[in-house]
Every structure is written in structure tokens, then in C-alpha cells.
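*Asks:* This is the structure I want to talk about, given as C-alpha cells.
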Amino acid sequence: MPFTESTLLPSQDALLQRLLHLSTYGQQLMVLTGEGGAGKTTLVTALLSELEQHSSALVMCPKHCDSAEIRRKVLVQLLNDPVFDDEIPLPECLLSVSASLPSESCIVLDDAHWLPLEIWAECIVLSQMVLPGKSIKLLMTAPAEFFSELTEQLPESLLEQVVAVQIEPLEQPEREGLYYTLLSRSEQHPFTPRDIVKNRLEMQLGTPKEVVDLLDLSLNGESEALVKKSKLKVIIGLSAVIIIALLLSWLFLGSSTDKLSQATHKVEFAADVEARFSQGDRFLEAYGAKVLGKHVFIKPNAAKQTEIDNRQIQAQAQTAQSDTAIETVNTYTAVPATTFDDVNRVIDATSKFDNVNEHQPDLTEQFASEIAVDVNVVNHAIKPSKGYTLQLASVKKIKSLNNMLQALDGVPQVQVARYKQRWIVLNGHFDNRKMAQEYSAQLVANTGISEPWIREWQNLGEYQLQEVIPTREIQ
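As numbered in the working numbering, residues 73 to 547 make up the sequence shown, in order.
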């Protein structure tokens, strides 16, 4: 049941004014707590709409997320320049790019109970940081039970830096007012007595979501899907019982049938089975002797021995023939005449051999050039183990990477590396940090980019240098 218009209840408006006051004059981490469906998301959305002069970052935290993902979502909304590192803590990262931050910022993390405790600690530290000419306000939402467990783990020094704003249950007049306001906007007129509505509202915990669910029930009735689901469960249960009963009966009947068949076989054949087989053996023996009486049986190895004897006889015959040929050659020597075909074969073989020798230096040079190219590629892809380099950008899209490389056109020693799901742009190799700082200042003055991040090569073990410029998105 969609509603195009939405207004805050009086209690919600009072909470909104309190949040505005804390965000303007407070220096603490604000945590908005309440039950599920109490209207936490509605309040933070209304707060951001009131803070029009602030540069806001609203992050809906998913159930399964890591710290780098949350940092990236916050920094992308606050910074225009994509040059940042989401692997370092949020306070340190914002401090390094403080020049690019807007003067007034508001960070809202909704459903913060899904966040790692590492992000909670970073937000507490960030709320206490004072940047020259910058103002950063933080607001997080979480259930009341989670926040109470979190406060038990925090020391007293950090508890003073966190202020909690609790969403109280709606009073009975507010529940009824919300119900009938939504009913009038729905432009429907269900027949539901006021006494029944009042009793149902009194039985609730007092969240706006419960009021909306009650109105949806009075307008649309119970969902047919639940009825169908219950019927389906009954059918599945009965089918399972019938199948199990059939399997048990089949197993029981099968075992009893096997026992009966075994007993029957023993009684019928145990007495004369040996006599029958002995009679059949005597008949086969007599018939075989009669049929095969005139045949000569050869042993299995006789064929091999016969073949060996035949080979020896042939070898002796060839030896005798060769002796006779030698005697004939000694008496008269015959010289075969050279034919025209033999001369052509010799000439063709000689020409082919010469062609191979002529092309041999070219092949050697080609192999040498290929080996040199491979060596250059390997040397280009190997990261130094010592020294420093400059990290110019960390991007995810190929389009952003191409824009960055276009801005660095003409700058020597620009390399692209891959780290997880991001492209990293690196530049230069320096023996010490001082040389890297001097080159960084010169690079900023010449290209106009943001100040690079000086990194040690030994800390970039997981970075994969690319041999060519990437052209596809990371899957």
C-alpha cells in the first residue's frame, strides 16, 4: 500500500530537533537507538534533508560487509577526487585528504549493528578529531539491545564520547492518529469498529511499523500466501508419512520373502544336485574324447618355439647366401650406372641444405630478440624489495583509470598495479623518503593532481604490477 506523502509525528519531530541541536553544538558520536520499525531510517533521512548546508554521506550497512567497503562508501560521497586508500583507518584517511574535504560534513551509518567493531572505534575517534576549518558530524543507528551490549565493552573514557538518543514507543493517541491519518490517505473505507482498532493498538509495542501492518490487515485481510503455505505444509507432511509407511512395508515383506525362498530352495535341490552335475560331467568327457581323438594337442609355448626355430633357419640361409655373394663380388666387380633421376635428387638435396644455412642467421636473430623482449617484460613486472614509490590513485572503474593516466601523460615511470578489486596507479622508484617527497612536490606542481601517497615497496607485497594498461573491468 504505497503512500506518496509522509509527515513526522509529534514525538518524531521532537527527536529531530534534538538531533539537529546535537549535530550543531555537540562534539560526540550520536547513536540513534530503537526497536525494529521504530522509524530510525525516517529520522536520519529527515535530519539530512534539514542539514542542506552540510555535505552528507548516507550509508545503508548490509548484513555482511568489511571495513574497507564501508570506508569506500563514505569517502566516495565526501570526496570529489578518487585518490584515497580504503585500507587505512577512516580518521587517518580523512586527515590525509583534509584539504579536499568540504567545510561541513555529516556522515550517517544506518543499521550500524551490522558493522565490524573496528568501524565503531574509528567513528568514535573521528568524532573527537578537530580539523582546521572543517566540521565532521557522525550519526549511527542501531537496536537498543545491541547498543547496550556495546556499551558494556567500552571503557568509561570512551563512553563519555558517545551520546545515545532513544526512540520511545508511541503513545496511544499518536497510534490512533497515525492509523486514521493513513486510513484517510488510502481512500478506502473498511468496516472495522473503533473499539477493535483501539484494542489492537493497545496490544502493540508502539512502533509505527505495527500501526502500518494493522492498517494493511484491515484493508487487505490476511495474506492468501500464508494460507496456501500452510496447506502445502500439510500435503507435504502427509506425503512423507505415506512414503515412509510404504518403504517400511516393502522392507518387511522383502525380508520375509527372501527367507521363504531360501527355505524352498534347500528342500527341493539339496538331495540330488551333486548327482545331476556328476552325470553331466561324465557325458561331456565321453563325447569330447570321441570327437578329439584324432587331433594333436599343441602346448601353449610350442608356437613360440616353432617361430624361433624358423627364424634360426632363415638366418642360416641368409648367411650362406651372403658368403656366396662375397665370393662373386671378389671375382667380378659391377659398377651401377648413374641415372638422370639420381643426379636430380642430389642437386635438390644440396639446394635445400644451402637454403637452410642461408636462413639460419635470421632465425638466430629472431630468437635472440624474443628472449630479450621476454627479459624486459619480466624485469618490468618484478617489484623492488626496497625503496619507495608514489601511489597516485586507487580506482575501480577502467574509465577512472584512463582519466588518471591521461592526466599523467608525459610523466615517466608510471605503472598500474592491481590490488583486490581496484586499480592502483604508481609512479617512480626512490631510495629514500626525502627523494620521494621532493619528486612528489614537483609532480603536484607540474600536473596539478592531489598530493600522492608515499609507499614502501616492502608493504606492497599483494600489489600485482600489470605488464600492459588494463582494458577490462575487474570481475
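All residues carry an ideal CB built from backbone N, CA and C; glycine is no exception.
What is the DSSP secondary structure of residue 487, reduced to helix, strand or coil?
*Replies:* Residue mapping note: residue 487 aligns to position 415 of the sequence shown, counting from 1. Of the three classes helix, strand and coil, the one that applies to residue 487 here is strand, per DSSP.
*Asks:* Below 8 Å between beta carbons: does that hold for residue 239 and residue 111?
*Replies:* Locating residue 239 in the sequence shown gives position 167, counting from the first residue. Locating residue 111 in the sequence shown gives position 39, counting from the first residue. Going by C-beta atoms, residue 239 is nearer than 8 Å to residue 111.
*Asks:* Rounded to whole angstroms, what is the Cα-Cα separation between residue 284 and residue 324?
*Replies:* By 1-based counting over the sequence shown, the position of residue 284 is 212. By 1-based counting over the sequence shown, the position of residue 324 is 252. So the two alpha carbons sit approximately 57 Å from each other.
*Asks:* Please name the residue, chosen from 487, 460 and 85, that lies closest to residue 473 on a Cα-to-Cα basis.
*Replies:* Here residue 473 refers to the residue found at position 401 when the sequence shown is read from its first residue. Looking at the Cα atoms, 487 is the closest of the given residues.
*Asks:* I'd like to confirm the pairing. Which residues does DSSP put opposite residue 528 in its beta bridges?
*Replies:* Along the sequence shown, one-based indexing puts residue 528 at 456. DSSP output for residue 528 lists 460 as bridge partner(s).
*Asks:* Name the two residues that bound the continuous alpha helix (DSSP H) containing residue 195.
*Replies:* Here residue 195 refers to the residue found at position 123 of the sequence shown. Note, residue 195: alpha helix (DSSP H), 189-200.
*Asks:* Quick check: the region 169-188 against the region 203-220, are at least 3 beta-carbon pairs closer than 8 Å?
*Replies:* At 8 Å Cβ cutoff, the stretches touch.
*Asks:* May I have a chain-ordered list of the alpha helix (DSSP H) segments no shorter than 4 residues that lie completely inside the region 98-158?
*Replies:* Whole alpha helix (DSSP H) segments, 4+ residues: 112-122 and 139-150.
*Asks:* Less than 6 Å between C-beta atoms, sequence neighbours within five positions excluded: which residues of the same chain meet that for residue 218?
*Replies:* Stepping through the sequence shown from its first residue, residue 218 is reached at position 146. Excluding residues within five positions, the ones whose Cβ falls inside 6 Å are 185.
*Asks:* Give the straight-line distance between the Cα atoms of residue 199 and residue 167, rounded to the nearest whole angstrom.
*Replies:* As a first step, residue 199 must be located in the sequence shown, where it is residue number 127. As a first step, residue 167 must be located in the sequence shown, where it is residue number 95. C-alpha separation (whole angstroms): 13 Å.
*Asks:* From which residue to which residue does the alpha helix (DSSP H) around residue 176 run?
*Replies:* Indexing the sequence shown from 1 puts residue 176 at position 104. From DSSP, residue 176 is part of no alpha helix (DSSP H) but of the beta strand (DSSP E) over 176-182.
*Asks:* If you follow the beta strand (DSSP E) that residue 214 is in, where does it begin and where does it stop?
*Replies:* Indexing the sequence shown from 1 puts residue 214 at position 142. Start and end: 207-214.
*Asks:* Spatial neighbours of residue 117 within its chain, please: CB distance less than 6 Å, with the 5 preceding and 5 following residues excluded, ordered by chain position.
*Replies:* Working through the sequence shown from its first residue, we reach residue 117 at position 45. Cβ neighbours of residue 117 beyond the five flanking positions: none.
*Asks:* Is the separation between the beta-carbon of residue 224 and that of residue 81 shorter than 8 Å?
*Replies:* Counting from 1 along the sequence shown, the entry for residue 224 is found at position 152. Counting from 1 along the sequence shown, the entry for residue 81 is found at position 9. No. Outside cutoff.
*Asks:* Are any of the Cβ atoms in chain B nearer than 8 Å to that of residue 279?
*Replies:* In summary, chain B is missing from the structure at hand, where a single protein chain is found.
*Asks:* Using 10 angstroms around the beta-carbon of residue 528, count the other beta-carbons present and answer buried if the total reaches 16, otherwise exposed.
*Replies:* Locating residue 528 in the sequence shown gives position 456, counting from the first residue. Residue 528 is exposed by the Cβ-count criterion.
*Asks:* My guess is that residue 467 and residue 476 are in contact by the Cβ rule of under 8 Å, so how many angstroms apart are they, rounded?
*Replies:* As a position in the sequence shown, residue 467 is number 395, starting the count at 1. As a position in the sequence shown, residue 476 is number 404, starting the count at 1. Going by Cβ atoms, the distance from residue 467 to residue 476 rounds to 7 Å, so yes, they are a contact pair.
*Asks:* Tell me which residue opens and which closes the alpha helix (DSSP H) that residue 518 is part of.
*Replies:* On the sequence shown, position 446 is the one that residue 518 refers to. Looking at the DSSP string, the run of the alpha helix (DSSP H) that includes residue 518 is 505-519.
*Asks:* Using the three-state DSSP reduction, which class does residue 257 fall into: helix, strand or coil?
*Replies:* Here residue 257 corresponds to residue number 185 of the sequence shown, with the count starting at 1. DSSP places residue 257 in helix when its eight states are reduced to three.
*Asks:* CB-CB under 7 Å to residue 489, same chain, minus the five flanking residues each way: which ones, in chain order?
*Replies:* The residue given as residue 489 occupies position 417 in the sequence shown. 496, 498, 535, 536, 537 and 538.
*Asks:* When you compare the CB positions of residue 104 and residue 279, do they come within less than 8 Å of one another, or not?
*Replies:* Within the sequence shown, numbered from 1, the residue matching residue 104 stands at position 32. Within the sequence shown, numbered from 1, the residue matching residue 279 stands at position 207. Not a contact, by the Cβ cut-off of 8 Å.
*Asks:* Please work out which residues of its chain come closer than 6 Å, Cβ to Cβ, to residue 281, disregarding the five sequence neighbours upstream and downstream, and give them in chain order.
*Replies:* Looking up residue 281 in the sequence shown gives position 209. Cβ neighbours of residue 281 beyond the five flanking positions: 109.
*Asks:* Determine which residues share a DSSP beta bridge with residue 498 and list them.
*Replies:* Here residue 498 refers to the residue found at position 426 when the sequence shown is read from its first residue. According to DSSP, which records beta bridges pairwise, residue 498 is partnered with 463 and 487.
*Asks:* Taking just the CA atoms, how far does residue 229 sit from residue 446?
*Replies:* The residue labelled residue 446 in the question sits at position 374 within the sequence shown. The residue labelled residue 229 in the question sits at position 157 within the sequence shown. At residue 446 the pLDDT is 41, less than 50, meaning the model places this residue with poor confidence and gives no usable figure here.
*Asks:* Helix, strand or coil, according to DSSP, for residue 84 in the structure here?
*Replies:* Taking the sequence shown and counting its residues from 1, one reaches residue 84 at position 12. DSSP places residue 84 in helix when its eight states are reduced to three.
*Asks:* Could you spell out the range, first to last residue, of the beta strand (DSSP E) harbouring residue 238?
*Replies:* Along the sequence shown, read from residue 1 onward, the residue named residue 238 stands at position 166. Its beta strand (DSSP E) spans residues 234-238.
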